[in-house]
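2 protein chains.
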Amino acid sequence: MQITREADYAIRCVLHLSRCKEGSATVGDIAEAQSIPRTFAAKILQKLSKAKIVKSVRGIKGGFRLARDPARISILDVIEAIQGPLNVNICVLDRQSCERQPTCMVHPIWVEIQILLKERLAYYTFDKFNDKKGSL
Amino acid sequence: MQITREADYAIRCVLHLSRCKEGSATVGDIAEAQSIPRTFAAKILQKLSKAKIVKSVRGIKGGFRLARDPARISILDVIEAIQGPLNVNICVLDRQSCERQPTCMVHPIWVEIQILLKERLAYYTFDKFNDKKGSL
DNA sequence: CCTTTTAGGAGTAATTTTATCCTATTTTAA
DNA sequence: TTAAAATAGGATAAAATTACTCCTAAAAGG
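In order, the protein sequences belong to chains A and B.
Using the numbering used here, the letters of the first sequence map in sequence onto residues 1046 to 1181.
Using the numbering used here, the letters of the second sequence map in sequence onto residues 1046 to 1181.
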């Protein structure tokens, strides 16, 4: 019931990019600023790049920047880019594992809780993390 | 972000006990009815017993029964008996891991989501799982 | 063409998950 | 009193996942 450290790191990467003045940063910058092992941060940024959350620029003046407006990137987007589709119990995504019992009484609860969780995680977009004290 | 199979099994064990006519059942009965590996079910029931969710009776006419009314046992109780205190991100329980940054912008969100999740899981008690179609 | 940077594949160590096995100990009934 | 049936608890092990590292390639700028 816990997000992975990798997902947590990914959120910090996106947060860093959404807040840095220059609009872009290198793996080294991000890793150091956010206390993420450098090579691990590189892998994470690759995943974010494949998920179209981040854009990469190669070469000597390269680095990473957000692929779209922070208001259009949610915590859920980032988590799912790293971990794959969120599901709170094996039976929610893999329906098979629940069907040997004709009616599993608990199944609807997992579905409900998953929806609740995803809605909330999708609500928090990266424009909501500003310096303004008390905004959260 | 997923409950473990062990916790899922545990919920099924409690569900079984809350619904069986005799009010008690052996590990063998529960394991077979709920498709849980027998020795694993035994371990799970031991944990539930230590958490005072279930009571054990040794000896030839022994088995397990609920330690209290199903209305006073929630899904959250069972999950926490198996997995320990629920926390959605490492920083929520272990505050240290977040404090190197003076103000982590994301932390309050994890706290909020954790409360939301726990409230919902605590809402669902085992008296709510009856045969009545449409009750859920 | 040299340096800085990302891309991608492979590999690895540590931890957690998902169990199993074996030896008590308790209880009941013959 | 003894055998059978049940839980208790410790140790162990296989598999999967997590949390990384390493190495070589490719791109871009000066």
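In this text, a Cβ means the ideal position worked out from N, Cα and C, and glycines have one as well.
List the residues of chain B that residue i touches, going by C-beta distances under 7 Å, in chain order.
i               : result
R1011 (chain A) : The question about residue 1011 (chain A) has no answer here: the residues shown for chain A are numbered 1046 through 1181.
Taking CB distances under 9 Å as the criterion, tell me whether residue i reaches chain A.
i               : result
D1139 (chain B) : no
R1057 (chain B) : yes
L1181 (chain B) : Unreliable placement is indicated for L1181 (chain B), whose pLDDT of 37 sits below 50; the coordinate value is still reported in the next sentence. Yes, L1181 (chain B) counts as interfacial toward chain A.
V1099 (chain B) : no
Determine the chain A residues that contact residue i at a beta-carbon separation under 8 Å, and present them in chain order.
i               : result
I1135 (chain B) : Q1047, R1050, D1053
F1085 (chain B) : None at all; the shortest Cβ gap to chain A is about 15 Å.
Which residues does DSSP pair with residue i in a beta bridge?
i               : result
V1102 (chain B) : B:G1108
L1055 (chain B) : Looking at the sequence shown, residue 1055 (chain B) is not Leu but Ala. DSSP output for A1055 (chain B) lists no bridge partner at all.
A1070 (chain A) : A:F1109
T1170 (chain B) : B:S1119
Classify residue i as buried or exposed, calling it buried when 16 or more other Cβ atoms lie within 10 Å of its own Cβ.
i               : result
D1172 (chain B) : exposed
S1080 (chain B) : exposed
V1123 (chain A) : buried
Y1169 (chain B) : buried
K1163 (chain B) : buried
T1132 (chain B) : Correcting the residue identity first, residue 1132 (chain B) is Asn in this sequence and not Thr. Answer is buried; the Cβ neighbour count reaches 16.
G1108 (chain A) : buried
A1126 (chain A) : buried
N1175 (chain B) : exposed
R1113 (chain B) : exposed
Does any CB atom of chain B fall closer than 9 Å to the CB of residue i?
i               : result
L1060 (chain A) : yes
Q1091 (chain A) : no
V1102 (chain A) : no
I1124 (chain A) : yes
V1151 (chain A) : yes
Which residues in chain A have a C-beta closer than 9 Å to the C-beta of residue i? List them in chain order.
i               : result
L1131 (chain B) : M1046, Q1047
Report task. Please name the residues in the segment 1104–1117 of chain A whose beta-carbon is closer than 8 Å to at least one beta-carbon of chain B, in chain order. Result -> none
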